[in-house]
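Structure first, commentary second.
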Amino acid sequence: LHQEQETVYPTSGYTYLEGEAPGSQPLILILDDDAALLHYLKEELERCGYYVIATVNPALAIHYFHDRAPDCFILDLIIPEQDGFQVMEAIKEQIRKRYIPTTVISMDVARETRLKAIRMGADDFLNKPLDMEELIVRIERQLARKKQLDELLFIDELTGAYNRKYLDEVFRTLCLEAQRNQESFTMAVLDLDHFKKINDRFGHLIGDRVLADFVAFLKSRIRSSDVLLRYGGEEFILLFPGMREGEVRILLERLGEEFGAIELAAAPEELRATFSAGVIEVTEPDPASCRRWLKLADQALYLAKELGRNRIET
Ligand code: GH3
Ligand code: MG
Ligand code: MG
Ligand code: MG
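The sequence shown begins at 89 in the UniProt record's numbering and counts up one residue at a time.
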């Protein structure tokens with residue numbers, strides 16, 4: 089789906105820009121004014137299975153840094169028209185807030201430069217000429233650490249779905265992606281029906297297992313680019329990039345029938361559960377509008393509950 093390859097050459101220099109990084113592939117952003125080195129770095133890192141956006145243009149690097157939320161950033165400090173510290177200055181808040189491992193590569197061997205880069209938030213500093221193997225090993229370690237940290241921060245322990253802290257971040261990413269592709273995406277809020285009764289009858293532990301079963305069921309039925317979050321107790325949010333409201337409604341109606349028919353293994357006696365959902369298409373993907381769309385989806389969910397549950401409303 090996201091595999092189209094594009095290479096953009098802005099007037100100010102080379103930018104190798106790929107399509108959207110598929111969900112599972114780490115995205116690396118590289119800034120270096122040496123086009124030959126840039127090309128070499130890109131090839132080597134792609135060979136390791138990473139998705140790479142590489143540019144010689146500092147302004148574009150800053151843009152991609154904010155727009156594409158890379159998993160890691162490699163930048164050269166000495167760039168003729170804009171010194172590398174200016175780029176660091178422009179992104180240092182984000183590096184701290186979202187932990188985006190940043191490696192500075194530089195010809196400058198001065199101790200002061202190294203210290204300044206690290207004080208500004210660089211995680212690593214490597215001198216040129218680069219030892220490619222060392223760079224790759226260090227990037228590998230950084231990405232593994234970032235993944236661990238993101239899991240701690242953003243994954244719900246009980247179900248393995250994302251937690252609500254992830255919502256703003258992923259909503260923002262999906263909005264920017266939708267703007268680029270000039271399409272909308274669709275948000276659904278799902279809530280298990282009469283879940284209190286399940287707890288009352290079978291106890292909390294089995295209730296917990298129903299929640300985990302529900303997540304496993306949903307995950308097995310959605311695309312890898314769709315996002316499933318546990319928003320609260322027995323309430324979930326699904327985000328479907330590139331899908332229209334009508335398509336999502338049909339999908340969820342099918343899943344509702346399927347899930348309602350499953351005899352959940354969690355309980356000692358027969359146990360089935362159903363869910364209701366409210367669906368809204370995010371037709372104006374504005375990163376700041378998450379609560380507004382969520383409220384609309386919630387209203388549709390409320391209607392689904394009012395109309396008798398085990399149903400989808402838009
Ligand atoms: P409705 O169909 O209107 O959604 O009814 P409901 O009973 O599902 O909704 P209500 O909001 O009244 O109750 C939700 C229940 O979910 C109450 C709470 O005890 C339970 N719950 C919330 N979080 C958890 C959890 O992590 N584990 C378990 N086992 N239960 C939970
Ligand atoms: Mg340079
Ligand atoms: Mg409920
Ligand atoms: Mg609820």
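Note that the Cβ used here is the ideal one computed from N, Cα and C, for glycine as well. Since the model is a prediction, treat every value here as computed from it, not as a measurement.
As a quick exercise: from the options, pick the residue whose alpha carbon is nearest that of residue i.
| i | options | result |
| --- | --- | --- |
| Pro356 | Val225, Tyr254, Met195 and Gly295 | Gly295 |
| Ile118 | Ile227, Asn269, Gly344 and Asp256 | Ile227 |
| Val367 | Phe290, Glu358 and Asp279 | Asp279 |
| Arg156 | Asp121, Pro114 and Val192 | Pro114 |
| Ser194 | Glu222, Leu163, Lys180 and Glu200 | Leu163 |
Could you check the C-alpha separation between residue i and residue j for me, to the nearest Å?
| i | j | result |
| --- | --- | --- |
| Leu246 | Ala361 | 18 Å |
| Leu384 | Ser272 | 16 Å |
| Arg397 | Ile286 | 15 Å |
| Asp288 | Phe305 | 23 Å |
| Pro375 | Ile188 | 20 Å |
| Phe259 | Phe283 | 27 Å |
| Ala123 | Val144 | 7 Å |
| Met208 | Met176 | 7 Å |
| Ala388 | Arg229 | 44 Å |
| Met331 | Val225 | 38 Å |
| Met243 | Pro158 | It is Ile, not Met, that sits at residue 243 in the sequence shown. Straight-line Cα distance between these residues: approximately 19 Å. |
| Arg186 | Glu239 | 13 Å |
| residue 69 | Leu218 | Coverage of the chain is limited to positions 89 through 402, which leaves residue 69 absent and any answer about it impossible. |
| Cys160 | Leu395 | 48 Å |
| Gln267 | Phe290 | 46 Å |
| Arg311 | Val298 | 22 Å |
| Pro110 | His154 | Residue confidence for Pro110 is low, a pLDDT of 47 falling below 50, so the modelled location carries little weight; the figure read from the coordinates is stated next. When rounded, the distance between both Cα atoms is 18 Å. |
| Ile400 | Ala249 | 21 Å |
Note the first and the last residue of the continuous beta strand (DSSP E) segment covering residue i.
| i | result |
| --- | --- |
| Gly348 | Taken as a continuous stretch (DSSP letters only), Gly348 belongs to no beta strand (DSSP E), being part of the alpha helix (DSSP H) at Glu333 to Ala349. |
| Arg397 | Unbroken run through Arg397: none, as it is neither H nor E. |
| Thr143 | Tyr139 to Thr143 |
| Leu246 | Where Leu246 is concerned, there is no enclosing beta strand (DSSP E), given that its DSSP letter is neither H nor E. |
Could you give the first and the last residue of the continuous alpha helix (DSSP H) run that contains residue i?
| i | result |
| --- | --- |
| Val258 | Lys253 to Asn269 |
| Asp122 | No alpha helix (DSSP H) contains Asp122, which DSSP labels as neither H nor E. |
| Leu163 | Note, Leu163: premise wrong, no alpha helix (DSSP H); beta strand (DSSP E) at Cys160 to Asp164. |
Can you tell me whether DSSP reads residue i as helix, strand or coil?
| i | result |
| --- | --- |
| Ala215 | It is Asn, not Ala, that sits at residue 215 in the sequence shown. Note: Asn215 maps to strand in three-state DSSP. |
| Thr95 | Because Thr95 sits at a pLDDT of 40, beneath the cut-off of 50, its placement in the model cannot be relied upon, and the following sentence gives the value as read from the coordinates. Three-state DSSP puts Thr95 in coil, outside helix and strand. |
| Asp171 | coil |
| Gly366 | strand |
| Leu326 | strand |
| Met176 | helix |
| Glu401 | strand |
| Ala109 | Caution is warranted here: a pLDDT of 48 is assigned to Ala109, below 50, making its placement in the model unreliable, and no coordinate value can be reported. |
| Ser377 | helix |
| Val192 | strand |
| residue 407 | Past the boundaries of the shown model lies residue 407; the chain is included only from 89 to 402, so the question cannot be answered. |
> If you measure from each residue's Cβ to the nearest non-hydrogen atom of ligand 4, which ones come out under 5 Å, in chain order?
Replying inline: Taking a cut-off of 5 Å from the heavy atoms of ligand 4, the residues with a C-beta inside it are Asp279 and Glu323.
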